[in-house]
Amino acid sequence: MHIETPRLLLRDLVQADAGPLASIWADPEVTRFMGGPRDGAQVRASLVEDASTPKQPDIDLRPVIEKATGAVIGDCGLLEKDVDGKREIELVYVFAPDVWGRGYATEMAGAVKRYAFTELGLERLIALIDPENASSERVAVRIGMRYERETLRPGGKLMKVYVASKDEDAWAVGARGALSERRRGRTIDAPGFK
Ligand SMILES: CC(C)(COP(=O)(O)OP(=O)(O)OC[C@H]1O[C@@H](n2cnc3c(N)ncnc32)[C@H](O)[C@@H]1OP(=O)(O)O)[C@@H](O)C(=O)NCCC(=O)NCCS
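Residue numbers for the sequence shown follow my numbering, so the first one is -15 and each next one is one higher.
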C-alpha cells in the first residue's frame, strides 16, 4: 500500500520502522484515549515479524513518514472491529506528540478515507472516539465524518461512533468540485473578482 499526500507518505512496514512505531505505542500521552501504553519491546517484536510478511493486508495500520525528514511519525490505516455485533472498518490515526498541531493527521486520515472508498471499494468507515479525545473528534469532523451514536465497548468504555460513507463522500467531493467550477467561471468572467 502506498498513499502520498503533499507532506506525508504512508507505505508498507519495513523492519526499521519497528523502533519508532514502538515508541509511539509505548507513549502514555499518545495512548491516553487508546487503552494506555503498550509494552514497547513486545510491539517492536511483533512489528519486526509483520514486516517480513510477503503481502501486508490492506486492513491494517501502516507507518506514516514525514517526507521532509524521512522520519516515521505516525501509524495510520484501517482495522476491523466488531461494534455492537456488526463488522465495521475503523479508520485509525496515531501520531507522535512532537508533530501534533500541524494538520498531519487530517491530511493522512483524509487520504486513507479516500483510498478506502476508491481503491478498496469500502462503503463505510467508522472512527471510535473517546468523548474526552477532542482533538481526534476535530480530525474526524474535518475529514467529513459525522457523529452517529455512542457505543459501549467490551471493556465497558463508552465511545462515540463517527461515520463516513462512500455515498456521502462522493456527494461532498462532487459538490466541492462544482463549487470550485463556479468560482473559476466567475473569475474568468469578471477579472479582478475576489
Ligand atoms: C488525534 C491526533 C492524531 C490529532 O492530532 P492533531 O495534531 O490535533 O491533528 P492534525 O494533525 O490534523 O492537526 C490539526 C491541528 O493543527 C492545526 N494546524 C496547523 N497547521 C495546519 C495545517 N497546515 N493544516 C491543517 N491544520 C493545521 C489545526 O488548526 C489543528 O488545530 P486544532 O485542532 O487545535 O484546531 C493526535 O492527538 C494523536 O495522535 N493522539 C493520540 C492518538 C489518538 O488518540 N488517536 C485517535 C484515535 S484513532
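Glycine included, C-beta positions come from ideal geometry on N, C-alpha and C. These numbers come from a predicted model, not from an experiment.
Ser78 CB to nearest heavy atom of ligand 1 below 7 angstroms: Note on residue identity: the sequence assigns Val, not Ser, to residue 78. Checking every heavy atom of ligand 1 against the Cβ of Val78, one is found closer than 7 angstroms.
Spatial distance of Glu64 from Glu72 (CA atoms): 6 angstroms
In chain order, each alpha helix (DSSP H) run of at least 4 residues that lies wholly inside the stretch 95 to 146: 118 to 126
Check: Gly3 C-beta below 7 angstroms from any heavy atom of ligand 1: no
8 angstroms Cβ cutoff met for Met18 and Gly58: no
Neighbourhood of Gln40 by C-beta, 8 angstroms cutoff - its chain only, sequence neighbours within 5 removed: Met(-15), Asp(-4), Leu(-3), Asp34 and Arg46
N- and C-terminal bounds of the beta strand (DSSP E) containing Leu(-7): Segment Leu(-8) to Arg(-5), the beta strand (DSSP E) holding Leu(-7).
Beta-carbon contacts of Glu132 that lie in its chain and below 7 angstroms, excluding the five residues immediately before and after: By the criterion of a C-beta distance shorter than 7 angstroms, Glu132 is surrounded in its chain by Val145, Tyr146 and Val147, once the five residues flanking it on both sides are discounted.
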